[in-house]
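The sequence shown begins at 1 in the UniProt record's numbering and counts up by one. Notes follow the structure.
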Amino acid sequence: MISDPSMFPVEYTQVINGVAEELLYYDKIAFQVYGENIPLAVLINTFGVKGIEELLEQQAIEFVLWTPMVTYLVEDIPGVLPLQSGNMSSKAHCDPEESIIRGLKWMLNPLPRRYRRTLTKKLEKVYKLPSPEAAQHAVEFGYQGFEANIFAQFGLPKTKELTELKVDERAELCSLANECLELAISASFKYDVSMSKRFVGLNRTEFQRLRNAELIRNVTDILFEIEQVPNFKELIKQGIIDIKEVPKIRGHKSSVKFRSWITQLGTSTKAKGIAKEYIDSIANTKGFFETQQGKFFKTVVVTAFSGVVGGVIGGKIGSFIGVTASKLAEPFIDLGLNLLDAYVFEGLTKGWSPKHYIDKEIRSLVERKK
């Protein structure tokens, strides 16, 4: 929520810019919606009707209609467990069509009735609803985590029984259970979450796939730094990329290929040298596997992850929370050269390389603004 109304324009701009960045980094992002789809109205107001149509055609956005809820007792009741679970029952909270209809009423300029019906049908197809048991399972995990003293590192050690927790401890347990709920639902839809999530840092098998949510962003930023061009955040901040042009830019064939390539690169900030060699080798006639470094590059880790854009707009406009989505590829260790070699060869035969994308799509935008 926004505590200072005077800061609303600044924070609103930050959220919008963040969404635009995510759309450029990732194949798809998902928005967590509570009842009326206010994020939809914000997206249309930002990108325009045509922009939303493009994003839907690109399968770039999804909406998760958030029905589950976990609450805690605010009064001390001896012998009663601290958490409760349930699901929203109002039509706007459990019916995608109603959520869309109410969300569209938040638009600055209402859409014609006929077009609203057409758009609503398209949007219903990109809605997802969590399992009805999700909240109950989150509460159970909350209890189990407390009993196993997992939450000690988060400031909630097991020094008493569940029924003896004070109100502030119950609130913290509820917060942890809700965070678990978000992670569980994200995993069920094959989404990834922000590294800021506390549970992601736990050394637990079930969270392994959620741990590297910033991989794609980090790798992309590394390559942009190598090529001495601003990253997407700076490109938007400096006005080099017009936000309204984001749907069009991300839809370019070269952009699609770059995102596909980057999700399969599976590198890190320590891989600057090999990333540079790799990009240069693809751009030149000499292939990467003919270079000195390429001859020793025998292991390829292929993992597709996405990051998160978390924005909160309070007050009159309501909540607006984004969760990125991506196609998750399982890690392949010791994959060998065949798959990557074939991938590179295919890119060369089609006259494309990641360096071409940076030069033609990104550097050209920077030069145009000089």
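Virtual Cβ for every residue (Gly too), placed ideally from N, Cα, C. Being a predicted model, the structure only gives us computed values, none of them experimental.
Might you give, ordered along the chain, the residues of its own chain that have their beta carbon closer than 7 Å to the beta carbon of residue i, omitting 5 neighbours on each side?
i, result
"TYR127", "PHE63, LEU65 and PRO96"
"ALA184", "ALA134, HIS137 and ALA138"
"ILE52", "LEU43 and ILE44"
"residue 373", "Outside the displayed span of the chain (1 to 370) sits residue 373, for which this structure offers no information."
"CYS174", "VAL70, THR71, TYR72 and LEU83"
"VAL33", "PRO39, PHE63, VAL64, LEU65, TRP66 and SER99"
Alpha carbon to alpha carbon, how far is residue i from residue j?
i, j, result
"ASP168", "LEU181", "20 Å"
"LEU365", "PHE258", "16 Å"
"SER260", "LEU73", "47 Å"
"ASN178", "LYS370", "47 Å"
"GLN238", "GLU75", "51 Å"
"MET7", "LYS160", "42 Å"
"ILE222", "ILE236", "17 Å"
"VAL80", "PRO5", "40 Å"
"LEU119", "LEU162", "48 Å"
"ALA60", "ILE77", "47 Å"
"PRO9", "ASN149", "43 Å"
"GLU234", "TYR25", "13 Å"
"ILE29", "LYS248", "16 Å"
"TRP106", "ALA152", "43 Å"
"LYS158", "ARG116", "53 Å"
"PRO354", "PRO112", "42 Å"
"ILE333", "LYS50", "Caution is warranted here: a pLDDT of 30 is assigned to ILE333, below 50, making its placement in the model unreliable, and no coordinate value can be reported."
"LEU108", "SER131", "34 Å"
"ASN17", "GLU11", "10 Å"
"VAL256", "PHE31", "21 Å"
"ILE262", "THR220", "7 Å"
Could you give the first and the last residue of the continuous beta strand (DSSP E) run that contains residue i?
i, result
"PRO110", "No beta strand (DSSP E) contains PRO110, which DSSP labels as neither H nor E."
"ALA30", "28-33"
Identify whether residue i lies in helix, strand or coil by the three-state DSSP scheme.
i, result
"GLN84", "strand"
"GLU346", "In this prediction, GLU346 has a pLDDT of 45, which is less than 50 and means its spatial position is unreliable; nothing more can be read from the coordinates."
"LEU340", "Bear in mind that the predicted position of LEU340 carries a pLDDT of just 40, short of 50, making it too unreliable to give a figure here."
"GLN136", "helix"
"PRO68", "strand"
"GLY318", "Below a pLDDT of 50, predicted positions are generally treated as unreliable, and GLY318, at 33, falls in that range; the measurement from the model is reported next regardless. Correct three-state label for GLY318: coil."
"LYS233", "helix"
"ILE240", "coil"
"LYS105", "coil"
"LYS257", "helix"
"ILE262", "helix"
"GLU361", "helix"
"ILE77", "coil"
"GLU161", "coil"
"LYS125", "coil"
Are the beta-carbon atoms belonging to residue i and residue j less than 7 Å from one another?
i, j, result
"ARG170", "PRO82", "yes"
"THR67", "ASN37", "no"
"LEU165", "GLY142", "no"
"GLU229", "ILE362", "What sits at residue 229 in the sequence shown is Val, not Glu. Yes, the Cβ-Cβ distance between VAL229 and ILE362 is below 7 Å."
"PHE189", "GLU21", "no"
"LEU40", "LYS122", "no"
"ALA92", "SER85", "no"
"ILE358", "GLU227", "yes"
What does a CB cutoff of less than 8 Å around residue i pick up in its chain, not counting 5 residues either side in sequence?
i, result
"GLY155", "GLU172"
"GLU367", "none"
"ASN338", "With a pLDDT of 40 at ASN338, under the threshold of 50, the predicted position of this residue should be treated as unreliable, though the coordinate-derived value follows. There are no such residues."
"GLY48", "LYS244"
Any heavy atom of the ligand COA inside 6 Å of the beta-carbon of residue i?
i, result
"TRP106", "In terms of ligand content, the structure shown is empty, and the ligand COA therefore cannot be addressed."
May I ask which residues mark the beginning and end of the alpha helix (DSSP H) holding residue i?
i, result
"LYS50", "38-57"
"ALA20", "8-25"
"HIS356", "354-357"
"ASP221", "215-226"
"ASP168", "167-188"
"GLY251", "246-251"
"LYS91", "91-94"
Among residues of its own chain, excluding the 5 on either side of residue i, which ones have a beta-carbon nearer than 6 Å to its beta-carbon?
i, result
"ILE241", "LEU235"
"GLY35", "ALA92 and HIS93"
"residue 371", "Limits of the chain in this structure are 1 at one end and 370 at the other, which puts residue 371 out of reach."
Against chain B, does residue i count as a neighbour if the rule is that its beta carbon must be under 7 Å from one of theirs?
i, result
"LYS370", "Among the chains in the structure shown there is no chain B, since it carries only a single protein chain."
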